[in-house]
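The sequence shown maps to residues -11 to 444 in my numbering.
Just so you know, even glycine gets a beta-carbon here, dropped at the ideal spot from N, CA and C.
A short worksheet on the structure shown next.
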Amino acid sequence: MFRRIMIANRGEIAMRILRCCHELGIETVTACSYEDRNSLPVQLSTDSVCIGPASAAQSYLNQDALIEAAKAKSCDAIHPGYGFLSENAEFAEECEKNGIAWIGPDADMIRRMGDKQEAKALMKKNGVPVVPGSDGLLSGVDEARKIAGKVGYPVLLKATAGGGGRGMRIANSASELESAYANASAEAEAAFGNGALYLEKLIRNPRHIEVQILGDKSGHIIHLGERDCSLQRRNQKLVEEAPARCLTDRQRAAIYKAALRAAKAAKYVSAGTVEFVLDHDGNFYFIEMNTRIQVEHSVTEMVTGVDLIREQIRIAAGLTLYMKQSDLKIRGHAIECRINAENPEAGFAPCPGRLDFLHLPAGFGVRCENALYPGCTVSPYYDSMIAKVIVHAPGRLAAIRKMRVALEEMVIEGFPTNIEFQYFLMYDQDYMRNEFDTSFLASHTDTILGWMKESR
Ligand code: ADP
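Below is the structure:
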């Protein structure tokens, strides 16, 4: 087992990793930017090291500084969390080259799965259903037009290097194809340095269903059930739950089978997620594989009782999975609300600031992951997500009721947050009836904002 792990991240996920390491008797070194020098993970870790100024490019993405710091602080492993360098194959390789274990799948896996078109081709070859579209990368608009004609409009132009919803454009008809192609490619080139595109049929208003996977270095691969992450605002997830109650037992079994087949085809090692879109006829299609821990891993932990960060660390240390597929039991229902420092009434604009007053929810089946404390500052330099409220109850409706109580209790003063928005969302009839898909927030946000206004 590792002796000392460097946490190359910040905020709630740094706290999550830190706690897990300390439970395992592993020391932690938090790598932080100068901006984060007083952060909670810095204060609570065994040791910390400043790796650069506020800008992520110079700190959390500064590979050389991180490797040097890890060596100087005698760390034998690095946990990248999510975002930042977590899906950077080059960095994973650099860590290993410097004798520092990478807590995640190896560089080759990150590279192969990070190339979405390549991942899709591998899945198709192994009998995993994929969205109809181009076989391989597009040579240009002409080829896109030909394939779009075959699969039928609307279509989605997607960057093979894409992530976070960037490098993706819809074309509703042939006349929109040229500009969609140019925009998707330019955005991907700017964001990822790779403008290569592939084409997929647009599945109209699907559900986003994903399956959690764990694989160890001895070749054991298991799934830990699914999550429904359909509540998204501009491709950013806002509320996640487990299990996905929209699935029939047969669909669920089929999606597990496909996810396992996908993970086995990739010979997957570590924690990973196989993402699918589910259409209104119950057909599901692979869209991508994420090679890192995800923000929403917590809902899976609540319904399975498995500590996914602990498993990630154990797997990286070469230990075998401690459980078999047949040991998996899904109990009850879990919901996660992401709490952001943003103003829903001003177009969800990020609102960093100093936190003046804080009261966090607690109680039976309530979990709040965060790195907040009274007087701390939420920085404009990083993501606006500042906390996750996760509840676990015997059923979905009971979980919704628990979430309402938790959000009602939660107080953050000093800057606007989306707590109230999430609270009213928990009263939406369509949400309560489990009638939603990825278009839900686009069509329901104004209603929820209206309730917020009326309530004052
Ligand atoms: P990223 O890595 O940028 O998040 P994804 O491929 O995971 O990109 O897609 C992001 C979201 O876009 C998905 O959660 C899903 O809601 C939607 N999406 C992706 N592919 C399709 C498709 N073919 N049809 C409809 N929606 C899609």
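- Query: What is the residue span of the beta strand (DSSP E) that C8 lies within?
  - Reply: In the sequence shown, residue 8 corresponds to position 20, counting from 1. Careful: C8 lies outside any beta strand (DSSP E), inside the alpha helix (DSSP H) at G(-1) to E11.
- Query: Using the beta-carbon count (16 or more within 10 Å), is I158 buried or exposed?
  - Reply: Your numbering for residue 158 matches position 170 in the sequence shown. It counts as exposed.
- Length at least 3, wholly inside the stretch 380 to 407: the beta strand (DSSP E) runs in chain order: Counting only runs of 3 or more, we get 399 to 401.
- Query: Would a C-beta distance cut-off of 8 Å place M420 and C325 closer than the cut-off?
  - Reply: To locate residue 420, count along the sequence shown from 1; it is residue 432. To locate residue 325, count along the sequence shown from 1; it is residue 337. No, the Cβ-Cβ distance between M420 and C325 is not below 8 Å.
- Can you give me the Cβ contacts of D425 inside the same chain, cut-off strictly under 7 Å, excluding the 5 residues immediately before and after it? Start at 1 with the first residue of the sequence shown, and residue 425 comes out as number 437. Cβ within range, chain order: N193, P194, R195 and S218.
- Compute the minimum distance between the beta carbon of T148 and the heavy atoms of the ligand ADP, and state whether it is under 7 Å. Working through the sequence shown from its first residue, we reach residue 148 at position 160. Between the ligand ADP and T148, a heavy atom-to-CB distance of less than 7 Å is absent.
- Q31 burial status per 10 Å Cβ neighbour count (16 or more: buried): Locating residue 31 in the sequence shown gives position 43, counting from the first residue. Counting the other Cβ atoms within 10 Å of the Cβ of Q31 gives fewer than 16, which makes it exposed.
- Message: Along the chain, where does the beta strand (DSSP E) containing C20 start, and where does it finish?
- Response: By 1-based counting over the sequence shown, the position of residue 20 is 32. Per DSSP, C20 belongs to the beta strand (DSSP E) from E15 to S21.
- Query: Hey, how far is the Cα of S286 from the Cα of I378?
  - Reply: For this step, residue 286 is matched to residue 298 along the sequence shown. For this step, residue 378 is matched to residue 390 along the sequence shown. For S286 and I378, the distance between alpha carbons rounds to 7 Å.
- Is it the case that the CB of L395 approaches a heavy atom of the ligand ADP more closely than 7 Å? Position 407 of the sequence shown, counted from the start, is the residue given in the question as residue 395. Because no heavy atom of the ligand ADP lies under 7 Å away, the Cβ of L395 does not count as near it: no.
- Whose C-alpha, out of H211, A44, F352 and C339, is nearest the C-alpha of S314? By one-based count along the sequence shown, residue 314 stands at place 326. Among H211, A44, F352 and C339, the Cα nearest to that of S314 belongs to H211.
- To the nearest angstrom, how far is it from the Cα of I(-5) to the Cα of I374? Position 7 of the sequence shown holds residue -5. Position 386 of the sequence shown holds residue 374. Each residue's Cα considered, the two are about 18 Å apart.
- M311 by DSSP, collapsed to three states: which one? The sequence position of residue 311 within the sequence shown is 323, counting from 1. Coil at M311, not helix or strand.
- Leaving aside the five residues before and after F412 along the sequence, list all residues of the same chain whose C-beta is less than 7 Å from its C-beta, in chain order. Along the sequence shown, read from residue 1 onward, the residue named residue 412 stands at position 424. Same-chain partners within the cutoff: I436, W439 and M440.
- Task: Output the distance between the C-alpha atoms of E164 and A184, rounded to the nearest integer angstrom.
- Result: Along the sequence shown, read from residue 1 onward, the residue named residue 164 stands at position 176. Along the sequence shown, read from residue 1 onward, the residue named residue 184 stands at position 196. As the crow flies, the alpha-carbon of E164 is around 18 Å from that of A184.
- Which one of A44, K85 and G71 has the shortest CA to CA distance from A58? Counted from its first residue, the sequence shown places residue 58 at position 70. Out of A44, K85 and G71, the CA that lies nearest to the CA of A58 is found in K85.
- Query: Are V139 and K205 closer than 8 Å when you measure CB to CB?
  - Reply: Counting from 1 along the sequence shown, the entry for residue 139 is found at position 151. Counting from 1 along the sequence shown, the entry for residue 205 is found at position 217. No; because the gap between Cβ atoms is not below 8 Å, this pair is not in contact.
- Query: Got a sec? Which residues, its chain only, sit under 6 Å from A53 by beta carbon, not counting five neighbours each side?
  - Reply: Indexing the sequence shown from 1 puts residue 53 at position 65. Cβ within range, chain order: I39 and G40.
- Could you round the C-beta distance between A77 and A89 to whole angstroms and report it? I think they count as a contact, below 8 Å. Here residue 77 is taken as the residue at index 89 of the sequence shown, counted from 1. Here residue 89 is taken as the residue at index 101 of the sequence shown, counted from 1. Actually they do not touch by this definition, with Cβ atoms about 16 Å apart.
- Message: Which residue wins for smallest C-alpha separation from A162, given the options L202, D130, G13 and I388?
- Response: Taking the sequence shown and counting its residues from 1, the one referred to as residue 162 is at position 174. Measuring from the Cα of A162, the nearest candidate turns out to be D130.
- Task: Flag this pair as touching only if the stretch 321 to 336 and the stretch 255 to 269 have three or more C-beta atom pairs under 8 Å; answer yes or no.
- Result: A contact is defined here as three or more CB-CB pairs under 8 Å, and the stretch 321 to 336 fails this definition with respect to the stretch 255 to 269.
- Item | Three-pair Cβ contact test at 8 Å for the stretch 329 to 345 versus the stretch 396 to 406 | Contact between the stretch 329 to 345 and the stretch 396 to 406 is present, because at least three Cβ pairs lie under 8 Å.
- Message: Distance check for A359 and E397, CA to CA, integer angstroms please.
- Response: Taking the sequence shown and counting its residues from 1, one reaches residue 397 at position 409. Taking the sequence shown and counting its residues from 1, one reaches residue 359 at position 371. The alpha-carbon atoms of E397 and A359 are separated by roughly 18 Å.
- Y256 by DSSP, collapsed to three states: which one? Counting from one through the sequence shown, the residue named residue 256 turns up at place 268. Three-state DSSP puts Y256 in coil, outside helix and strand.
- Coarse secondary structure for N160, derived from DSSP in three states: Along the sequence shown, one-based indexing puts residue 160 at 172. When DSSP states are grouped into helix, strand and coil, N160 belongs to the coil group.
- Message: So, at 7 Å on beta carbons, what are the nonlocal neighbours of V118 in its own chain, with the 5 sequence-adjacent residues on each side left out?
- Response: Here residue 118 refers to the residue found at position 130 when the sequence shown is read from its first residue. Cβ within range, chain order: K108, M111, K112, Y273 and F274.
- Measure the beta-carbon distance from I209 to K252 and round it to whole angstroms, keeping in mind my assumption that it falls under 8 Å. Sequence index remark: in the sequence shown, residue 209 carries index 221 (1-based). Sequence index remark: in the sequence shown, residue 252 carries index 264 (1-based). Right, the Cβ-Cβ distance comes to about 6 Å (below 8 Å), so this counts as a contact.
- Exposed or buried, what is G457 when buried is set at 16 or more other beta-carbons lying within 10 Å of its beta-carbon? In this structure the chain extends from -11 to 444, so residue 457 is not present and cannot be described.
- Identity of the residues DSSP links to Y186 by a beta bridge: Taking the first residue of the sequence shown as 1, we reach residue 186 at position 198. Looking at the DSSP output, Y186 shares a beta bridge with K146.
- Query: Which residues in the same chain have their Cβ closer than 6 Å to the Cβ of E15, if we skip the five residues on either side of it in sequence?
  - Reply: Within the sequence shown, the letter at position 27 stands for residue 15. Only R(-8) and T34 meet the Cβ criterion.
- Item | D216 burial status per 10 Å Cβ neighbour count (16 or more: buried) | Locating residue 216 in the sequence shown gives position 228, where the first residue counts as 1. It is buried - the Cβ of D216 has at least 16 other Cβ atoms within 10 Å.
- Query: Based on the DSSP secondary-structure assignment, which residues constitute the bridge partners of E299?
  - Reply: Reading the sequence shown from its first residue, position 311 is the one you call residue 299. Under DSSP, E299 shares a beta bridge with no residue.
- Would you call the CB atoms of I91 and I243 closer than 8 Å? Within the sequence shown, residue 91 is the residue found at index 103, counting from 1. Within the sequence shown, residue 243 is the residue found at index 255, counting from 1. Result no, Cβ atoms of I91 and I243 do not sit closer than 8 Å.
- Task: Name the residue from T148, S127, S122 and C234 whose alpha carbon lies nearest to the alpha carbon of G137.
- Result: Locating residue 137 in the sequence shown gives position 149, where the first residue counts as 1. Considering only alpha carbons, the answer is S122.
- Query: Just to confirm, are L126 and Y186 a CB contact at a threshold of 8 Å?
  - Reply: On the sequence shown, residue 126 is found 138 positions in, with the first residue counted as 1. On the sequence shown, residue 186 is found 198 positions in, with the first residue counted as 1. Yes, Cβ-Cβ distance for L126 and Y186 is below 8 Å.
- Task: Measure the C-alpha to C-alpha separation of I66 and N223 and round it to an integer number of angstroms.
- Result: As a working note, residue 66 is residue 78 in the sequence shown. As a working note, residue 223 is residue 235 in the sequence shown. Going by the C-alpha atoms only, they are around 29 Å apart.
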